[in-house]
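Numbering (the numbering used here), first residue to last: 1 to 308. These notes concern the structure reproduced below.
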Ligand SMILES: [Zn+2]
């Protein structure tokens, strides 16, 4: 069980609206392309469990979790904030998306898997301790990182976020957590607004609109990768967004599928050096259909050595 693909049909039942870019079609496209390309032929399939309240409470406020459960609609929809809409299937989808990363962490930490990809939605990296934000309800990757620290006796977790938007929620959740080092490449200035100074535990990599492969690789290679390697993580987590891809309708960074293969290979190399290869990646953004399919396939080619 070297490589595991975690997903769940519930993740297709989060329906934020016909014109909303974070659509079920994204995940359908990704899963169809993984099937078509044969990349995951040797990957074990695991159904994502529901996250538990205790697992969520490591990074979210109890009041926020109460609110999400209370407002979750039985019919119609409910807007948690301007961009984040819940439909009747959203609570289960969000619970699977967070539960998948927890499951992935358990699989790699117990030695039952080396590489895990969570093909889930909604995404998570904008969700704050007490607020939904930017299509995100629960902080999926943060829930996984907190779970690793709390239950697996490790002291250093690296989070690499290459979604085109800044992973502000994840960054906020670990602002006072020296056991987490996060590297984050994002278009700037862009959503979410603000200034984000480098600090202990956080490495921001700003990219200007129109920059592409060369700048992306240079930022990671010269700034983030040496620091991540020196941190000697015992677990590597990836917030894998594919909205920096050329022609994404939401952003203006011009990456190619090959860039995702490259960065993933570099991150896996770090996992091999200090984390016994343990690496868990989860889907964040990516809105260019069908282009995100091949980009996710390229990511998985490098993530695990059972890819074909
Ligand atoms: Zn994004």
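In this text, a Cβ means the ideal position worked out from N, Cα and C, and glycines have one as well.
Check whether the Cβ atoms of residue i and residue j lie closer than 8 angstroms to each other.
i	j	result
residue 271	residue 223	no
residue 68	residue 98	no
residue 180	residue 201	yes
residue 268	residue 302	yes
residue 116	residue 280	yes
residue 283	residue 119	yes
residue 209	residue 234	no
residue 39	residue 239	no
residue 122	residue 22	yes
residue 285	residue 165	yes
residue 227	residue 203	yes
residue 59	residue 150	no
residue 232	residue 175	no
residue 135	residue 83	yes
residue 313	residue 105	What is shown of the chain runs 1 to 308, which leaves residue 313 out entirely.
residue 207	residue 253	yes
residue 241	residue 29	no
residue 359	residue 126	Nothing can be reported for residue 359, as the shown portion of the chain is limited to 1 through 308.
residue 327	residue 229	Only positions 1 to 308 of the chain appear in the structure, and residue 327 is not among them; the question remains open.
Run the proximity test for residue i: is its beta-carbon closer than 7 angstroms to any non-hydrogen atom belonging to ligand 1?
i	result
residue 285	yes
residue 299	no
residue 165	yes
residue 124	no
residue 243	yes
Tell me which residue opens and which closes the alpha helix (DSSP H) that residue i is part of.
i	result
residue 67	62-71
residue 270	257-274
residue 292	292-303
residue 30	24-37
residue 171	168-173
residue 151	140-151
residue 231	225-231
residue 216	213-219
residue 250	First-last for residue 250: undefined, no H or E at that position.
residue 54	53-57
For the beta strand (DSSP E) that residue i lies in, which residues bound it at each end?
i	result
residue 196	Here residue 196 belongs to no beta strand (DSSP E), and DSSP marks it neither H nor E.
residue 161	157-161
residue 235	235-240
residue 15	Careful: residue 15 lies outside any beta strand (DSSP E) and carries neither H nor E.
residue 85	84-86
residue 109	Counting along the chain, residue 109 falls outside any beta strand (DSSP E), though it belongs to the alpha helix (DSSP H) covering 90-109.
residue 81	78-81
residue 47	44-47
residue 181	180-187
residue 206	202-207
residue 4	3-7
residue 75	Taken as a continuous stretch (DSSP letters only), residue 75 belongs to no beta strand (DSSP E), as it is neither H nor E.
residue 280	279-283
residue 116	115-118
Report, in whole angstroms, the separation of the C-beta atoms of residue i and residue j, which I expect to be a contact under 8 angstroms.
i	j	result
residue 11	residue 27	6 angstroms
residue 255	residue 212	6 angstroms
residue 263	residue 162	6 angstroms
residue 80	residue 132	4 angstroms
residue 217	residue 259	7 angstroms
residue 17	residue 71	Residue 17 to residue 71, Cβ: 16 angstroms. No contact.
residue 96	residue 8	4 angstroms
residue 289	residue 25	6 angstroms
residue 266	residue 225	6 angstroms
residue 261	residue 298	4 angstroms
Check your understanding: Would the region 91-105 and the region 239-247 be scored as touching if the rule is three or more Cβ pairs under 8 angstroms?
Key -> no
Practice item. May I ask you to verify whether the region 13-29 touches the region 45-56, counting CB pairs closer than 8 angstroms and requiring at least 3? Key: Short answer: they don't touch.
Review point. Does the region 66-83 touch the region 28-38, meaning 3 or more C-beta pairs lie closer than 8 angstroms?
Key: Touching, no, given that fewer than three Cβ pairs across the two stretches are closer than 8 angstroms.
Check your understanding: Would the region 101-121 and the region 162-172 be scored as touching if the rule is three or more Cβ pairs under 8 angstroms?
Key -> Because the criterion of three Cβ pairs below 8 angstroms is not met, the region 101-121 and the region 162-172 do not touch.
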